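A.B. asks: Please read through the structure below; I'll follow up with questions.
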Amino acid sequence: MEDIKTREEMLQQETNDLKGNILDDSVQEVSYEFVKSILSSFDKMLSELTTREQQKRLLHMLISKITINKVRDIESIELNINDNLIMYLNNGGEPSPDGGGSPSCI
Numbered sequence: 745m746e747d748i749k750t751r752e753e754m755l756q757q758e759t760n761d762l763k764g765n766i767l768d769d770s771v772q773e774v775s776y777e778f779v780k781s782i783l784s785s786f787d788k789m790l791s792e793l794t795t796r797e798q799q800k801r802l803l804h805m806l807i808s809k810i811t812i813n814k815v816r817d818i819e820s821i822e823l824n825i826n827d828n829l830i831m832y833l834n835n836g837g838e839p840s841p842d843g844g845g846s847p848s849c850i
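Sequential numbering of the sequence shown, starting at 745, is according to this note's numbering.
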């Protein structure tokens, strides 16, 4: 029984390590200039959208997570810049045909 418990713990640790490797491989670092370019495109696109629903969709595509502190001030904003967002901005608001994309978190 002890051997099974030990083996289970080892397999669980190996699974966690593999999951971490997968997540590390799928997230890429991006340069400051690239982020600046994307945010400039984003700003232009946001001002051109006519409905609140379109603006909301674009914001949801870019912002992955917002962290606030106890006094309700914004502490951090995590951006999700992926291929789908880039294609959306480059296509003038048209969604990507495949809808996918590899994430790049900021």
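We put the CB at the ideal spot given by N, CA and C, even for glycine.
These figures come from a predicted structure and were not determined experimentally.
Could you tell me the alpha carbon to alpha carbon distance between N760 and T750, rounded to whole angstroms?
C.D. replies: Within the sequence shown, residue 760 is the residue found at index 16, counting from 1. Within the sequence shown, residue 750 is the residue found at index 6, counting from 1. Roughly 16 Å between the two C-alpha positions.
A.B. asks: What is the DSSP secondary structure of S808, reduced to helix, strand or coil?
C.D. replies: Position 64 of the sequence shown, counting from 1, holds the residue named residue 808. Here S808 sits in strand by DSSP.
A.B. asks: Taking the beta carbon of I825 as the centre, do at least 16 other beta carbons fall within 10 Å, making it buried, or is it exposed?
C.D. replies: As a position in the sequence shown, residue 825 is number 81, starting the count at 1. Under this definition I825 is a buried residue.
A.B. asks: Taking 7 Å as the threshold (C-beta atoms), are L823 and L806 in contact?
C.D. replies: Taking the sequence shown and counting its residues from 1, the one referred to as residue 806 is at position 62. Taking the sequence shown and counting its residues from 1, the one referred to as residue 823 is at position 79. Cβ distance < 7 Å, so L806 and L823 count as in contact.
A.B. asks: Here's the rule: buried if 16 or more other CB atoms are within 10 angstroms of the residue's CB, otherwise exposed. What is Y832?
C.D. replies: Taking the sequence shown and counting its residues from 1, the one referred to as residue 832 is at position 88. Buried, because 16 or more other Cβ atoms sit within 10 Å of the Cβ of Y832.
A.B. asks: To the nearest angstrom, how far is the alpha carbon of E789 from that of S775?
C.D. replies: By 1-based counting over the sequence shown, the position of residue 789 is 45. By 1-based counting over the sequence shown, the position of residue 775 is 31. Checking the displayed sequence, the identity of residue 789 turns out to be Met instead of Glu. Computed Cα separation, rounded: 21 Å.
A.B. asks: For E753, list the residues DSSP reports as bridge partners.
C.D. replies: By one-based count along the sequence shown, residue 753 stands at place 9. Paired residues: none, contrary to the question.
A.B. asks: I want to see whether chain B comes within less than 7 Å of I748, judged by CB atoms only; does it?
C.D. replies: The displayed structure is made up of one protein chain only, and chain B is not part of it.
A.B. asks: What residue does the beta strand (DSSP E) around N826 start on, and which one ends it?
C.D. replies: As a first step, residue 826 must be located in the sequence shown, where it is residue number 82. It spans I818 to N826 - the beta strand (DSSP E) in which N826 sits, taken as one unbroken run.
A.B. asks: DSSP on T759, reduced to helix/strand/coil?
C.D. replies: For the purposes of this step, residue 759 is taken as residue 15 along the sequence shown, with counting starting at 1. In this structure, T759 counts as helix in the three-state DSSP scheme.
A.B. asks: Please report how far the alpha carbon of N813 lies from the alpha carbon of E746, in whole angstroms.
C.D. replies: Within the sequence shown, the letter at position 69 stands for residue 813. Within the sequence shown, the letter at position 2 stands for residue 746. Each residue's Cα considered, the two are about 45 Å apart.
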